[in-house]
Every structure is written in C-alpha cells, then in structure tokens.
Amino acid sequence: MSAQERFEQTLAAYHDGELGWLQRWRLERRLRRDPEARRELGSLSALGDWLREADSGGPPAPELWDEIQRRLPDSRPAVGTESRLPAEAEPRVWLRPTWSWAAGGAALAAAAATALLFVSSSDLGGRGAAPLAGAGAVRWLDSRGQPMMILQDDREATLIWVTDDEDRVSGRGKPHGIS
Amino acid sequence: MEVTVVRISPEPGPADPRAKRLDRILKGQLAYQSLGVLAVKKRSVALDDVWKVNLPGTGPLRVRPVDIGPNGALLSLDWEGELQGDFRVRKGTPLILGGPRSGQGKLVVVIDTR
Numbered sequence: 011m012s013a014q015e016r017f018e019q020t021l022a023a024y025h026d027g028e029l030g031w032l033q034r035w036r037l038e039r040r041l042r043r044d045p046e047a048r049r050e051l052g053s054l055s056a057l058g059d060w061l062r063e064a065d066s067g068g069p070p071a072p073e074l075w076d077e078i079q080r081r082l083p084d085s086r087p088a089v090g091t092e093s094r095l096p097a098e099a100e101p102r103v104w105l106r107p108t109w110s111w112a113a114g115g116a117a118l119a120a121a122a123a124t125a126l127l128f129v130s131s132s133d134l135g136g137r138g139a140a141p142l143a144g145a146g147a148v149r150w151l152d153s154r155g156q157p158m159m160i161l162q163d164d165r166e167a168t169l170i171w172v173t174d175d176e177d178r179v180s181g182r183g184k185p186h187g188i189s
Numbered sequence: 884m885e886v887t888v889v890r891i892s893p894e895p896g897p898a899d900p901r902a903k904r905l906d907r908i909l910k911g912q913l914a915y916q917s918l919g920v921l922a923v924k925k926r927s928v929a930l931d932d933v934w935k936v937n938l939p940g941t942g943p944l945r946v947r948p949v950d951i952g953p954n955g956a957l958l959s960l961d962w963e964g965e966l967q968g969d970f971r972v973r974k975g976t977p978l979i980l981g982g983p984r985s986g987q988g989k990l991v992v993v994i995d996t997r
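Residue numbers (my numbering), protein chains in the order written: chain L, 11 to 189; chain A, 884 to 997.
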C-alpha cells in the first residue's frame, strides 16, 4: 500500500471517528498545514452532508409515528397507519416486478432465513486453482437471516440483493416460488 | 481493488455518468429513477490483509483476498449486519451487493479487482 493510500485510509478513519488520540493529533497537525489534505477531508464531509440531507427527506421512523399518533385526537385521520403502507402510498426502489426466475438462466437465487451456497472450485489461476468453466462467483454466502437474491451471476457481473422489512411489506422483491 | 459506493433512488434524477455500466446492469433488475456515486475507493490489498471500508448508514464492509491470480481474486467479505461470504471476483466482472436502505433509496456497493 502506498503512502497516499495509507493516508486516505487514515483520513477516512478520522472522518468516521475511529482514530485514537495520537493518530488524530498527528492528522490534525497535517490538516493544518496541508490544503490538499483539507480538501480531501472536505469531500468526505460533503458526502456525509449529502447523505444526512437524503436521510432527512424520508418518512419519520415508526417509533416517531407512534408518538405522533398518540398525541392526535381520535377524530383525526390515523397518519401513522398511512405511513405504514409504503408499497402503494409512495414509490420506492424495488426489484422490477417483471424480472423472472426462469428467464435468468445464469442467475442463482436464494431467499431463506439463512442462505448458504457453496461452489467447489476456482478459475482464478491462483494457487490451488482449478478451472471450472461456467461457474459463478459465489463460493459461499450467508445472509444472516435476511432473505436475499442472486439476481445475476455471469461473466458480466454478479449482483446480490439483500431485502429488508420494507421490501417484504411491499410484496415486491419476492421471488416467485420462494418464501 | 476498487470499491464504489452508490445510492439508487426512486426520486427522479440523472444517473451518474461515472457509473454507466453499473446503471445498465442494475436497470435490468431493479426499478429506480436516479443513481448517484457516493464514493470511489481504491486500495492495493495484499493476500490475507483486511481492507475495512466504512459505509454510510450501515455496517462497514471488510474485504480480505484469500487467493489472488492473474484473472482476479477470491475475496472473503463481511458486510456487517448484511451478509458474509467468499466470492471469486474476476477482473472486469464486478461483484455488486445491494439492499440496505439509504434515505428513500438503497445503498449499492460494487467491488472490482484490477
């Protein structure tokens, strides 16, 4: 790893609050005298701001809705109930309803409490490697109890998607024939 | 090794021109309106070294090459709270992992070897 790469890693760790006091002190000393380092840190901070802004645009967390609902008179519409209907109420990013299990010949798929896949060989040409024509990229995979799908696994790319509670509530992203 | 962090969203907007290929791949599988590149991180990672990549709004991604060859690398990945596994990542054939929520959208991580 080059000195620049080490510095970028240290800068990212500083940005994420992961440095000890000595490393932090050293980095802050460099930041004071190095405009380029300050610029790099600024780009990391700008990214964080962008994300915070994006997050603030989302609906309140369920706990907040519960609190709001408790304070509302009974005659008012149940705002909290509406907030729990994300599938029809507002657009989301989901799996295309049109994608098909059978159509994706190269696609493997799994959606289970814990999904594990194993492939026995490798064609990297590295040590211990043995050619395995047509095999996918996944040697083994554990989704830690979350349903997940391997949407694509061919020579163009391997695409693995972990679904969350919202996906499941919406009913989208649910592969045909797999619960 | 290169890790690209992307956010896709249902909010109308452009697709980042730096991620044209990714946009083409994702468009075939996912419905979204905009795609933004949040970060591109590059590192040389030696065999059995661990590269920890901090990701916004979710646990960090740890990448460890367990085999490196001329055509790619066998990577052991641990995305905290999301998934872990071993993946054979060929040069030019990216490994794309996605799903965690990011604002109104979803976070996507692309791992490529060079």
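A virtual CB, placed ideally from N, CA and C, is assigned to each residue, including glycine. This structure is a prediction, so every number in the text was calculated from the model and none was measured.
Quick check on DSSP: helix, strand or coil for Glu965(A)?
In the three-state scheme derived from DSSP, where H, G and I count as helix and E and B as strand, Glu965(A) is classed as coil.
Name the one or two DSSP bridge partners that Ser959(A) has.
BP columns for Ser959(A) point to Arg947(A) and Asp969(A).
Residues in the same chain with beta-carbon distance under 7 angstroms from Pro943(A), minus the five sequence neighbours each way, listed in chain order, please.
Only Lys935, Val936, Asn937 and Glu963 meet the Cβ criterion.
In chain A, which residues lie with their C-beta within 8 angstroms of the C-beta of Arg154(L)?
Under the 8 angstroms cutoff, chain A gives Gly964, Glu965, Leu966 and Gln967.
C-alpha distance - Glu15(L) paired with Ala902(A), whole-angstrom precision
Taking the straight line joining both Cα atoms gives about 23 angstroms.
Using the three-state DSSP reduction, which class does Arg165(L) fall into: helix, strand or coil?
Three-state result, Arg165(L): coil.
Between the Cα of Val148(L) and the Cα atoms of Ile160(L), Gly155(L) and Arg154(L), which residue gives the shortest distance?
The closest CA to that of Val148(L), considering only Ile160(L), Gly155(L) and Arg154(L), is found on Ile160(L).
Against Ala22(L), what residues of chain A qualify as contacts under a CB-to-CB distance less than 7 angstroms, listed in chain order?
For Ala22(L), the C-beta contacts it makes with chain A under 7 angstroms involve Asn937, in order along the chain.
Should Arg165(L) be flagged as near chain A, meaning a C-beta pair shorter than 7 angstroms?
Yes, its Cβ sits closer than 7 angstroms to a Cβ of chain A.
In terms of alpha-carbon separation, which member of Ala898(A), Arg926(A) and Pro953(A) lies closest to Lys974(A)?
Measuring from the Cα of Lys974(A), the nearest candidate turns out to be Pro953(A).
Compare the C-alpha of Arg947(A) against each of Thr941(A), Gly940(A) and Gly968(A) and name the closest.
Closest option to Arg947(A), judged by alpha-carbon separation, among Thr941(A), Gly940(A) and Gly968(A): Gly968(A).
Between the CA atoms of Ala914(A) and Ala922(A) - distance to the nearest angstrom
If you take the alpha carbons of Ala922(A) and Ala914(A), they lie about 22 angstroms apart.
Nearest candidate by alpha-carbon position, reference Met158(L), set Leu960(A), Ile994(A) and Gly981(A)
Comparing Cα-Cα distances from Met158(L) to each of Leu960(A), Ile994(A) and Gly981(A), the minimum goes to Gly981(A).
Report the residue ranges of all alpha helix (DSSP H) runs contained in full by the segment 885-920 of chain A; include only those spanning at least 4 residues, in chain order.
Every unbroken stretch of the alpha helix (DSSP H) spanning 4 or more residues and falling wholly within the segment 885-920 of chain A is given here in chain order: 903-910.
Give a yes or no on whether 7 angstroms exceeds the smallest Cβ distance from Leu161(L) to chain A.
Any Cβ of chain A closer than 7 angstroms to the Cβ of Leu161(L) would place that residue at the interface, and such an atom is present.
Under 7 angstroms between the Cβ atoms of Met884(A) and Thr996(A)?
Yes, Cβ-Cβ distance for Met884(A) and Thr996(A) is below 7 angstroms.
Is there a Cβ from chain L that is less than 7 angstroms from the Cβ of Thr887(A)?
Taking Cβ atoms only, chain L never reaches closer than 7 angstroms to Thr887(A), which makes this a no.
Applying a beta-carbon distance threshold of less than 8 angstroms, which residues of chain L neighbour Leu978(A)?
Those are Ala147, Ala167, Thr168 and Ile170, listed as they occur along chain L.
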